[in-house]
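A short worksheet on the structure shown next.
Residue numbers (this note's numbering): 26 to 523.
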């Protein structure tokens, strides 16, 4: 089974297993070969596609039919799918076909494995799918190189080269598609699933890092630990809420800063501090739902028609992207909220509370301090509000009305990646400003977990005494978060966060 948390290791294991043997593929193929001689119409095997499903194709033209479906459906446009996500698409297609209910030929399946083994990554335009019969256009572009057409990624100025040229260099010959091969290749949800799995694998780490950063800000602002009392959360037992409160308590352990203001008389903190468990927790629960949906898809067969062990070849709708579209729209909203509340904490850090200098710099006037990074965070949070409009509420009929309800899941997928990138940048702003604010609490030390996070950043970025070009530090903060270094560093010191 492929899991989001262990995505890359699980896929590597699947590829190794399929390279060793693919009996399920061969058994499924035998049923397709048998069906070719039964005189019946079988969708996409000896008929046309989509609205042309009722048009029978002569036996002599069946191979041409499969090649033509790649050529005709490769009409994507726009910027390319990132190479690492296309790599996931390729491996997910191999995994799904390897489950043995698609009827693909051994020669075409082995060609897919050859591309994976040779690190040949197709160059795929990102726009063109409506998430209806899966991701037809992107998958057509992904599979064109199998027959020596299309392009692959390459270290050149344009970033791509002709697939035929790259294949010649590696000694790989173009494959001749057989009956059903083309349809099995382009039917499916691998673009949507690859984007969803890629983002959520990172989000599982990022949600921990959001808890760490919130606790850094809490310490820097001398906020109260009382709202994280487990009794509060046990009587509103949303799983994410309980988890986040526990993480904050663990991060605050041994805090000298907390001890120093325990009797200060403050009654309540602003929501961006006090309600971290409720807000971060709700995002966690939403992301958990999205992970569950994506994991189901990672281990599903989503092309059409499907081939069953008794020889039945059945046409259905497993390619429809609605489960993914809804899950990814929900995930985008959940991630965006982590950024929204983070920006509010950054704003609070700049206001000069409880002995912190305004704008987190002592000599302001001639210096603007950390005024402008908050602008950047605000801009990204605002952009996310637009990106979080759900694509899944839209539908435009295609294929002359045959495909009369579509999911727009590919748009959900593209937007989700953009939201993730914005969230990483917003959290990077909080990382930089919270560390700057904590410097002013010395010599008092924060909780052990927060101290590790602070020292990790200070080992790479110095305290700012005056204005400087802050962009490079924000880029570095984002890289630390993106690589998971913050979570790994803190967990190495205090144990695993939930």
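Note that CB positions come from ideal geometry on N, CA and C, so glycine has one too.
Proximity to residue 234 [Cα-Cα], best of 512, 521, 199, 280: With distances taken between Cα atoms, residue 234 lies closest to 512.
Quick check: what's the CA-CA separation for residue 268 versus residue 471? Roughly 21 Å separates the two Cα atoms.
What are the start and end residues of the alpha helix (DSSP H) that includes residue 102? Note, residue 102: premise wrong, no alpha helix (DSSP H); beta strand (DSSP E) at 102-105.
Do residue 320 and residue 349 have their CB atoms nearer than 8 Å? Cβ atoms of residue 320 and residue 349: not closer than 8 Å.
Report back the beta-carbon spacing between residue 197 and residue 95 to the nearest angstrom; my notes put them in contact at under 8 Å. The pair is not a contact, with the Cβ atoms about 17 Å apart (cut-off 8 Å).
Where residue 250 sits in the DSSP three-state scheme: The answer is coil: DSSP assigns residue 250 none of H, G, I, E or B.
What are the partner residues of residue 324, as DSSP defines its beta bridges? DSSP, once it has assigned bridges, lists no residue as partnering residue 324.
What separation, rounded to the nearest whole angstrom, lies between the Cα atoms of residue 478 and residue 456? Straight across, the Cα-Cα distance linking residue 478 with residue 456 is about 9 Å.
Give me the Cβ distance between residue 298 and residue 370, rounded to the nearest whole Å; I'm assuming they're in contact under 8 Å. Yes, they are in contact, since the Cβ atoms of residue 298 and residue 370 sit about 7 Å apart, within 8 Å.
For the candidate residues 345, 484, 93, whose alpha-carbon lies nearest to that of residue 432? When C-alpha distances from residue 432 are compared across 345, 484, 93, the shortest belongs to 345.
When you compare each of 86, 149, 115 to residue 202 by their alpha carbons, which one comes out closest? Among 86, 149, 115, the Cα nearest to that of residue 202 belongs to 86.
Would you kindly work out how many angstroms separate the C-alpha atoms of residue 109 and residue 294, rounded to a whole number? Distance between residue 109 and residue 294, taken at the CA atoms: about 42 Å.
Beta bridge counterpart(s) of residue 152 as assigned by DSSP: DSSP, once it has assigned bridges, lists 102 as partnering residue 152.
Less than 8 Å separating the beta-carbons of residue 434 and residue 156? Yes.
Buried or exposed: which applies to residue 167, given that a residue is buried once 16 or more other Cβ atoms fall within 10 Å of its Cβ? The residue is buried, with at least 16 neighbouring Cβ atoms inside 10 Å.
Proximity winner among 464, 429, 458, relative to residue 397 (alpha-carbon distances): Comparing alpha-carbon positions, the option among 464, 429, 458 lying closest to residue 397 turns out to be 458.
Can you give me the Cβ contacts of residue 301 inside the same chain, cut-off strictly under 7 Å, excluding the 5 residues immediately before and after it? Only 239, 269, 273 meet the Cβ criterion.
Based on Cα-Cα distance, which residue from 489, 445, 475 lies nearest to residue 507? Distances from the alpha-carbon of residue 507 to those of 489, 445, 475 put 445 closest.
Beta-carbon proximity of residue 413 to residue 352, cut-off 8 Å: For the pair residue 413 and residue 352, the CB atoms are not nearer than the 8 Å cut-off.
Using the Cα positions of residue 160 and residue 195, report the straight-line distance between them to the nearest angstrom. Taking the CA atoms as reference points, residue 160 sits about 28 Å from residue 195.
Residue environment, residue 264, which counts as buried when at least 16 other CB atoms sit within 10 Å: With fewer than 16 other Cβ atoms inside 10 Å of its own Cβ, residue 264 counts as exposed.
Given a threshold of 16 other Cβ atoms within 10 Å of its Cβ, counted over all protein chains shown, does residue 255 qualify as buried or as exposed? When all chains shown are included, residue 255 counts as exposed.
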